[in-house]
Amino acid sequence: MTNERLRRYVSEVLFQQEQAECLQEDIAMETPPYPGNQPAVLDFFLQVPHAARRSLRPVRSGLVSREEPQGLLCVLDEESRSPRPAEQALYRRLSARLDSHPTPGLSLTTKDGNGNPPPKDQGPAFTVSHYAAQISYDLTGSLSRNKDSLPQNLLFTMKSARGRAGLRGPKAALSLHRGPPAAPSTANLEPQQPPRGRDLTEILKKKKGSSSFLQRLERCGPVTVAVQLRNSLSDVIAKLQACTPHFVECVRPNASGQPDAFDSVQVSTQLQHIGVLEMVRMIRYGYPVRLSFPGFLSRYKDIVVPTLGDQKELSPEERCRSVLQQSKLQGWQQ
Numbered sequence: 004m005t006n007e008r009l010r011r012y013v014s015e016v017l018f019q020q021e022q023a024e025c026l027q028e029d030i031a032m033e034t035p036p037y038p039g040n041q042p043a044v045l046d047f048f049l050q051v052p053h054a055a056r057r058s059l060r061p062v063r064s065g066l067v068s069r070e071e072p073q074g075l076l077c078v079l080d081e082e083s084r085s086p087r088p089a090e091q092a093l094y095r096r097l098s099a100r101l102d103s104h105p106t107p108g109l110s111l112t113t114k115d116g117n118g119n120p121p122p123k124d125q126g127p128a129f130t131v132s133h134y135a136a137q138i139s140y141d142l143t144g145s146l147s148r149n150k151d152s153l154p155q156n157l158l159f160t161m162k163s164a165r166g167r168a169g170l171r172g173p174k175a176a177l178s179l180h181r182g183p184p185a186a187p188s189t190a191n192l193e194p195q196q197p198p199r200g201r202d203l204t205e206i207l208k209k210k211k212g213s214s215s216f217l218q219r220l221e222r223c224g225p226v227t228v229a230v231q232l233r234n235s236l237s238d239v240i241a242k243l244q245a246c247t248p249h250f251v252e253c254v255r256p257n258a259s260g261q262p263d264a265f266d267s268v269q270v271s272t273q274l275q276h277i278g279v280l281e282m283v284r285m286i287r288y289g290y291p292v293r294l295s296f297p298g299f300l301s302r303y304k305d306i307v308v309p310t311l312g313d314q315k316e317l318s319p320e321e322r323c324r325s326v327l328q329q330s331k332l333q334g335w336q337q
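Per the numbering used here, residue 4 is the first one in the sequence shown, and the count goes up by one each step.
So, in structure tokens, the structure goes:
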């Protein structure tokens with residue numbers, strides 16, 4: 004899912020950059036399609052419907068609410084918070100979502116192929132056709148793993164603690180050398196002074212509206228793994244969007260790691276999996292070869308001079324257009 008989102012970011016950057024430059028120069032550009040089924044797959048995992056997005060369509064009997072489908076991570080969170088969470092209930096909700104909103108490249112893994120839930124010994128699962136390959140996901144144990152997190156107030160306490168006092172435990176007093184323990188010194192017999200770090204209550208008192216801060220944390224409950232994954236992915240994309248992108252793809256020449264060995268089949272497979280061929284296909288929808296007017300006239304002077312002669316009254320733009328028109332070339336704009 005993370006690789007799928009990053010791959011879509013690369014596609015968006017390449018296309019948007021190409022489109023922005025063409026629009027700036029008033030050049031028409033054909034809209035390239037997204038490679039594979041990336042939008043549909045990402046919506047299946049990450050879609051978060053909002054109440055404001057619900058559309059109401061009038062009918063004779065009144066107003067009917069038409070809600071957007073929820074993504075897998077949202078459904079996983081809701082089932083994790085239910086009084087009796089079960090993978091079969093999660094599986095049924097995903098099955099209902101796919102029945103109402105079919106997703107290309109995604110299917111539920113069933114034994115009989117009729118849409119019935121799989122038997123208990125098989126476990127609920129679904130298959131996704133990612134841009135690189137087809138992958139099956141097993142939902143067994145997903146609800147318990149999704150709740151594997153620390154409470155919010157404990158996380159806040161650990162982040163607010165100063166020094167290393169919060170990291171000390173019973174093993175901190177263990178000696179790292181052999182032999183009888185040394186006699187305690189006079190300094191060790193004195194009462195220990197409390198740490199100088201600020202107390203959590205003191206920190207909260209200095210915060211505006213902090214009297215109910217811990218209550219709000221408790222009311223929100225622990226952050227699930229699905230929420231952390233969604234927030235982490237959003238942070239990564241936000242950081243990438245704030246930077247100037249430079250894409251570097253690494254390809255292994257062979258599987259054995261030997262020098263001077265080139266496996267063309269493996270290299271071709273990697274190029275397909277990382278989407279290089281799709282990126283080249285997308286760039287071809289634009290105009291990958293771009294030359295300035297003087298640069299074009301200088302580079303192709305052996306064609307320009309016989310075609311136009313010494314027509315100094317024409318501007319560089321007019322001379323380039325005349326050469327291209329007389330050469331009867333296609334697929335160019337200026």
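Built from N, CA and C at the ideal position, the CB exists for glycine as well.
CB contact flag (Y134, E7, <8 Å): yes
C-alpha distance - Q22 paired with I138, whole-angstrom precision: 33 Å
Straight-line gap, C77 to F18 (C-alpha atoms, nearest Å): 30 Å
Residue burial classification, E90 (beta-carbon count within 10 angstroms, cutoff 16): buried
Assigned secondary structure, F247 (DSSP; H/G/I helix, E/B strand, else coil): Contrary to the premise, residue 247 reads as Thr rather than Phe in this sequence. If DSSP states are grouped into helix, strand and coil, T247 belongs with coil.
T143, buried or exposed, once every other Cβ within 10 Å from all chains shown has been counted against 16: exposed
Whole-angstrom distance between V226 and L170, CA atom to CA atom: Unreliable positioning characterises L170 in this predicted model, as indicated by a pLDDT of 49, which lies under 50. The coordinate reading is nonetheless provided below. Taking the straight line from one Cα to the other gives about 22 Å.
Beta-carbon proximity of N149 to L79, cut-off 8 Å: yes
Cα-Cα separation, L93 to E82: 7 Å
Pair within 8 Å by beta-carbon distance, T106 and F48: no
Test item: CB-CB of Q50 and R10 under 8 Å: no
Rounded separation between G260 and Q273 - CA only: 15 Å
Among P127, G74, F129, the one whose alpha carbon lies nearest that of H104: G74
Inter-residue spacing [alpha-carbon to alpha-carbon] between V230 and Q269: 36 Å
C-alpha distance - L26 paired with A258, whole-angstrom precision: 44 Å
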